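**Student:** Those protein sequence lines, which keep their order, are chains A and B.
The numbering of the first sequence is our numbering, which starts it at 149 and goes up by one.
The numbering of the second sequence is our numbering, which starts it at 10 and goes up by one.
First the structure, then my questions, so here it is.
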Amino acid sequence: MPRYQGLPASPGIAIGQVLPYRPQKITFTEHRIADPHAEWQRLQEALHKADTQLMALQERARKIAGEEEAAIFEAHRLFLIDEELLARLRTLILDEHLNAKAAVHHTFEQYAEALLGLEEAYFQARAQDLRDVAQRVMRCLEEDSDQDSLETWKEAVIVVAEDLTPSDTIRFDRQKILGIVTARGGPTSHSAILARAMGVPAVVSAQFDLNDIRSGTLAILNGNSGVFNVGPTLHELEVARKEKTEWEARRQAELKEAELPAITRDGAFRAEVVANIGGVEDAEQVLQFGGEGVGLFRTEFLYLERSTMPSIVEQVRAYRRVFEILDGRPLVVRTLDIGGDKEVPYLGMEKEPNPFLGWRAIRMIRERPDVLQNQFSALLQAAGQVIAEAGKCDLRIMLPMVSSVAEVERAREIYEEARAALQAEGKPLPQQVQFGIMVEVPSAALLADHFASRVDFFSIGTNDLTQYTLAVDRTNERVSALASPYHPAVLRLIEMTIRAAHTQGKWVGLCGELAGDPLAVPLLVGLHLDEFSMAPSSIPTIKQLIRQWTLSACEEVVQRCLQFSLAAEVIEYLKSQTPR
Amino acid sequence: MTQTISTTITIEHPAGLHARPAAQFVKTAARFPCKISVRKVNSEKPPANAKSPLSVLTLGVNQGDTVEIIAEGEEAQAAIQALMELVESNFGETTVPHS
Chain A
149 MPRYQGLPAS PGIAIGQVLP YRPQKITFTE HRIADPHAEW QRLQEALHKA
199 DTQLMALQER ARKIAGEEEA AIFEAHRLFL IDEELLARLR TLILDEHLNA
249 KAAVHHTFEQ YAEALLGLEE AYFQARAQDL RDVAQRVMRC LEEDSDQDSL
299 ETWKEAVIVV AEDLTPSDTI RFDRQKILGI VTARGGPTSH SAILARAMGV
349 PAVVSAQFDL NDIRSGTLAI LNGNSGVFNV GPTLHELEVA RKEKTEWEAR
399 RQAELKEAEL PAITRDGAFR AEVVANIGGV EDAEQVLQFG GEGVGLFRTE
449 FLYLERSTMP SIVEQVRAYR RVFEILDGRP LVVRTLDIGG DKEVPYLGME
499 KEPNPFLGWR AIRMIRERPD VLQNQFSALL QAAGQVIAEA GKCDLRIMLP
549 MVSSVAEVER AREIYEEARA ALQAEGKPLP QQVQFGIMVE VPSAALLADH
599 FASRVDFFSI GTNDLTQYTL AVDRTNERVS ALASPYHPAV LRLIEMTIRA
649 AHTQGKWVGL CGELAGDPLA VPLLVGLHLD EFSMAPSSIP TIKQLIRQWT
699 LSACEEVVQR CLQFSLAAEV IEYLKSQTPR
Chain B
10 MTQTISTTIT IEHPAGLHAR PAAQFVKTAA RFPCKISVRK VNSEKPPANA
60 KSPLSVLTLG VNQGDTVEII AEGEEAQAAI QALMELVESN FGETTVPHS
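Given below as structure tokens:
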């Protein structure tokens with residue numbers, strides 16, 4: 149029975165029949181028509197109908213997911229009234245007597261190709277939009293265009309697709325969709341965002357061949373683990389049903405209490421539970437799931453998929469939006485963390501044989517101090533503006549991939565220069581800005597006492613810390629199984645880091661996947677981890693778990709865990725523990 | 010009598026002439042009766058109809074590119090003026106002073 153491992157994109161478990169979804173490609177023949185004026189009239193009606201449909205989708209997207217997603221459909225509508233495009237259609241139909249479907253296909257395709265030639269991801273996406281709109285108009289040109297396989301399903305199904313456009317996803321009726329799984333796409337795609345907004349379990353990038361998926365086959369889709377199990381055994385089904393019932397009951401309870409603080413049952417310890425976000429769009433989800441702030445704001449989105457450096461103005465705009473949404477809650481911003489696994493020509497990134505050991509993140513500071521200086525300046529300006537307008541903000545700056553105290557000292561200098569420059573210009577500035585580092589290289593953990601005296605906080609990046617401690621390439625499937633953050637060597641480094649920081653009165657967060665793993669809760673609470681940072685949708689679960697434990701029980705768990713010599717022993721032991 | 014006016018200006022907006030700036034540009038152009046085209050300076054691409062979002066988009070104007078705006082006919086002067094102001098005002102978005 150095939151099991152596919154994808155990436156979790158929206159939490160929840162779905163059990164039901166699968167429906168392979170192949171958006172019906174509208175076919176057309178090309179021919180000359182006898183009555184071009186009637187054909188032109190028919191096209192006008194189809195364009196009008198397409199616009200009405202798009203307006204409805206726009207409204208639906210606005211209600212479900214907000215302005216940002218609704219704007220996609222507004223852009224689609226603009227194509228329909230494009231002067232040049234209409235002029236070309238007019239020529240093809242009225243002058244050359246071509247049939248409307250062929251005219252629509254040719255005209256839209258011409259623009260799509262032109263956009264594809266522009267290389268940048270932005271244009272590639274617009275080309276897909278154009279093709280999507282062309283299909284819609286062509287469908288509207290068909291006689292019975294209202295008929296749609298999606299809307300005619302009787303029972304709710306798990307939709308299985310190669311990939312989904314936002315217009316596919318938004319159309320799905322929540323009542324008829326149990327879950328969504330795609331072979332491609334990423335967790336940050338628009339479809340994934342929409343699935344989360346609709347509360348539908350979803351898995352992306354599950355790498356199946358759609359031809360292998362038979363319509364009507366029973367399947368289990370686990371949006372928490374990313375597993376898509378087609379044709380499960382009776383036993384697996386039974387387990388999944390139980391898991392689903394339990395998950396849903398628990399989720400209900402967790403969401404109801406998501407706003408409550410994460411204080412241990414004995415009242416002895418309070419953890420701050422915050423979110424990892426990778427863009428402005430994610431910030432709203434933080435509050436929705438009871439996040440108390442942001443523990444990791446990845447800023448790479450500002451730099452990727454473009455040909456020039458983002459200007460300070462542009463950065464300020466993005467940071468301000470997030471400050472405004474968070475309304476005074478802590479925002480830990482990680483400065484640019486890009487390396488040789490990404491191609492960013494304007495930064496001088498080159499393909500490297502060992503990108504994870506190469507010229508990346510804070511290591512760019514020597515050759516490109518300007519990148520960091522601009523980022524500091526933009527962050528300070530954004531925070532200053534928010535405060536000048538009587539808003540609130542709590543900015544905390546975090547440096548990635550630090551392996552030497554010299555890097556921290558140099559970054560501080562650059563920060564002070566940026567601050568002084570703004571001060572000289574009379575710009576409003578935030579009073580208090582915390583300055584911290586990611587602890588993700590073993591040298592930083594081992595020298596945590598030296599780092600602690602130079603910063604305000606640490607945030608432990610367990611994904612990289614694990615990879616560097618165990619010398620395991622996470623992206624290499626043949627060894628990735630060895631990369632367990634539960635490895636006792638990693639746990640010792642975490643323990644050392646927290647102890648060194650607390651000795652000097654500094655706080656410690658953790659923003660790797662470990663923070664959102666329910667299994668790790670007693671361990672991390674027992675280590676007195678101050679801040680847990682994770683995917684927004686995990687927050688309610690972790691908060692609830694923290695509330696079920698007592699600090700003393702968690703401390704016992706830690707004592708045991710630190711004595712093991714194998715990751716498997718730690719995991720086995722943690723699995724045997726229940727909140728107490 | 011018809012008059013043709015043209016001007017060159019550099020696009021400073023980070024998105025270039027894509028996304029919202031492109032939409033704003035086209036909307037502004039559409040308010041005027043004259044024929045307006047936009048051309049990327051130092052490019053072999055033919056001038057694009059400034060009232061067509063798709064044509065403006067396919068020009069591929071990025072931040073820092075210089076474009077020539079050409080208006081021909083009624084209200085050409087006013088059209089050029091309005092488009093210049095739009096570009097200079099950073100496409101009507103809240104301008105943040107440069108440091």
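In this text, a Cβ means the ideal position worked out from N, Cα and C, and glycines have one as well.
Bear in mind the structure is a predicted one, so any value in this text is a computation, not a measurement.
Using three-state DSSP, classify Trp188(A) as helix, strand or coil.
**Tutor:** The answer is helix: DSSP assigns Trp188(A) an H, G or I state.
**Student:** How is Met549(A) classed by DSSP in three states: helix, strand or coil?
**Tutor:** In the structure shown, Met549(A) sits in coil (DSSP, three-state: anything other than H, G, I, E or B).
**Student:** Just list the residues that DSSP pairs Lys723(A) with in beta bridges.
**Tutor:** Looking at the DSSP assignment, Lys723(A) forms no beta bridge with any residue, so it has no partner.
**Student:** Using only the alpha-carbon positions, how far apart do Ser455(A) and Tyr494(A) sit?
**Tutor:** Cα to Cα, Ser455(A) sits roughly 6 Å from Tyr494(A).
**Student:** Closer than 8 Å by beta-carbon distance: list the chain A residues that pair up with Thr16(B), in chain order.
**Tutor:** None at all; the shortest Cβ gap to chain A is about 22 Å.
**Student:** Can you have a look at Gln295(A) and say buried or exposed, based on whether 16 or more other CB atoms are within 10 angstroms of its CB?
**Tutor:** Confidence is the limiting factor: at Gln295(A) the pLDDT is only 42, short of 50, which leaves the residue's position unreliable, though a coordinate-based value still follows. Exposed is the call here.
**Student:** Who are the near neighbours of Tyr616(A) in its chain, counting only those whose CB is closer than 6 Å to its CB and skipping five residues on each side?
**Tutor:** Correct list, in chain order: Val589, Pro590.
**Student:** In terms of residue numbering, what span does the alpha helix (DSSP H) encompassing Arg48(B) cover?
**Tutor:** Element bounds for Arg48(B): not the alpha helix (DSSP H) but the beta strand (DSSP E), 44-49.
**Student:** Spatial neighbours of Pro633(A) within its chain, please: CB distance less than 6 Å, with the 5 preceding and 5 following residues excluded, ordered by chain position.
**Tutor:** The answer, listed in chain order, is Thr610, Thr614, Leu662.
**Student:** Could you list which residues in chain A have their beta carbon closer than 7 Å to that of Asn58(B), in chain order?
**Tutor:** Those are Glu231, Glu232, listed as they occur along chain A.
**Student:** Taking the alpha helix (DSSP H) that Ser700(A) falls in, what are its first and last residues?
**Tutor:** Counting along the chain, the alpha helix (DSSP H) containing Ser700(A) begins and ends at 699-709.
**Student:** Listed from N- to C-terminal order along the chain, which residues in the region 247-265 of chain A have their beta-carbon within a distance smaller than 8 Å of any beta-carbon of chain B?
**Tutor:** Within the region 247-265 of chain A, the residues whose Cβ lies closer than 8 Å to some Cβ of chain B are Tyr259, Ala262, Leu263, listed in chain order.
**Student:** Can you list the beta strand (DSSP E) stretches of 3 or more residues lying completely in the region 527-577 of chain A, in chain order?
**Tutor:** The region 527-577 of chain A contains these whole beta strand (DSSP E) runs: 542-547.
**Student:** Quick one: residues in its chain with C-beta nearer than 6 Å to the C-beta of Tyr563(A), no 5 flanking neighbours on either side, listed in chain order?
**Tutor:** Around Tyr563(A): Phe524.
**Student:** Tell me whether Glu185(A) is buried or exposed, calling it buried when 16 or more other Cβ atoms sit within 10 Å of its Cβ.
**Tutor:** Note that residue 185(A) is His in the sequence shown here, rather than Glu. Exposed: under 16 other Cβ atoms inside 10 Å.
**Student:** Across which residues does DSSP place Arg309(A) in a beta bridge pair?
**Tutor:** Strictly speaking, residue 309(A) in this sequence is Ala, with Arg absent from that position. Ala309(A) is bridged to Tyr169(A), Thr330(A).
**Student:** Is the region 683-691 of chain A close to the region 706-716 of chain A, with three or more CB pairs under 8 Å?
**Tutor:** The answer is no - the region 706-716 of chain A does not touch the region 683-691 of chain A, with fewer than three Cβ pairs under 8 Å.
**Student:** Nearest CA to the CA of Phe356(A): which residue from Ala345(A), Asn377(A), Ser373(A), His253(A)?
**Tutor:** Of the listed residues, the one whose Cα sits closest to Phe356(A) is Asn377(A).
**Student:** If we cut at 8 Å on Cβ distances, does Pro62(B) have a partner in chain A?
**Tutor:** Yes, its Cβ sits closer than 8 Å to a Cβ of chain A.
**Student:** Please state if the CB of Ser353(A) and the CB of Gly333(A) are separated by a distance shorter than 8 Å.
**Tutor:** A contact, by the Cβ cut-off of 8 Å.
**Student:** Please confirm whether Thr330(A) and Ala304(A) have their CB atoms less than 8 Å apart.
**Tutor:** No, these two residues do not count as a Cβ contact at 8 Å.
**Student:** Mind checking which residues open and close the beta strand (DSSP E) that includes Glu738(A)?
**Tutor:** One cannot answer for residue 738(A) here, as it falls past the ends of chain A, which runs 149 to 728.
**Student:** Considering only residues of the region 609-652 of chain A, which uninterrupted alpha helix (DSSP H) runs meet the minimum length of 4 residues and lie entirely inside it, listed in chain order?
**Tutor:** The qualifying runs are 610-618, 636-651.
**Student:** For a test of the three-state rule: what should DSSP assign to Thr16(B), helix, strand or coil?
**Tutor:** Strand at Thr16(B).
**Student:** Under the DSSP definition of a beta bridge, which residues are partnered with Ile486(A)?
**Tutor:** Paired residues: none, contrary to the question.
**Student:** Could you name the residues of the same chain whose beta carbon sits closer than 7 Å to that of Phe445(A), not counting the 5 residues immediately before and after it, in chain order?
**Tutor:** Cβ neighbours of Phe445(A) beyond the five flanking positions: Ile425, Val470, Leu479, Val480, Val481, Arg482.
**Student:** Can you pull the chain B residues whose beta carbon is under 7 Å from the beta carbon of Leu524(A), in chain order?
**Tutor:** Looking at the sequence itself, residue 524(A) is Phe, so the reference to Leu does not match. Result: empty, since nearest Cβ-Cβ is about 10 Å, beyond 7 Å.
**Student:** Straight-line CA distance for Asp489(A) to Leu242(A)?
**Tutor:** Approximately 52 Å between the Cα atoms of the pair.
**Student:** In whole angstroms, give me the CA-to-CA distance for Leu474(A) and Val434(A).
**Tutor:** When rounded, the distance between both Cα atoms is 8 Å.
**Student:** Apart from the five residues just before and just after Glu187(A), which ones in its own chain have a Cβ nearer than 7 Å to its Cβ?
**Tutor:** Excluding positions up to five away in sequence, the list reads Ile181, Ile241, Asn247, Ala248.
**Student:** Between Tyr761(A) and chain B, is there a C-beta pair that is closer than 8 Å?
**Tutor:** This structure does not reach residue 761(A), given that chain A is present from 149 up to 728, and the question cannot be answered.
**Student:** From which residue to which residue does the beta strand (DSSP E) around Met457(A) run?
**Tutor:** Per DSSP, Met457(A) belongs to no beta strand (DSSP E) and is neither H nor E.
**Student:** Can a CB atom of chain A be found closer than 8 Å to the CB of Asn71(B)?
**Tutor:** Taking Cβ atoms only, chain A reaches closer than 8 Å to Asn71(B), which makes this a yes.
**Student:** Mark Asn71(B) as exposed unless 16 or more other C-beta atoms lie within 10 angstroms of its C-beta, in which case mark it buried.
**Tutor:** Asn71(B) comes out buried.
**Student:** Is the beta carbon of Ala592(A) sitting closer than 8 Å to the one on Val550(A)?
**Tutor:** A contact, by the Cβ cut-off of 8 Å.
**Student:** Just the chain B side, please: which residues come within less than 7 Å of Arg274(A) by C-beta, in chain order?
**Tutor:** Here the neighbours are Leu66.
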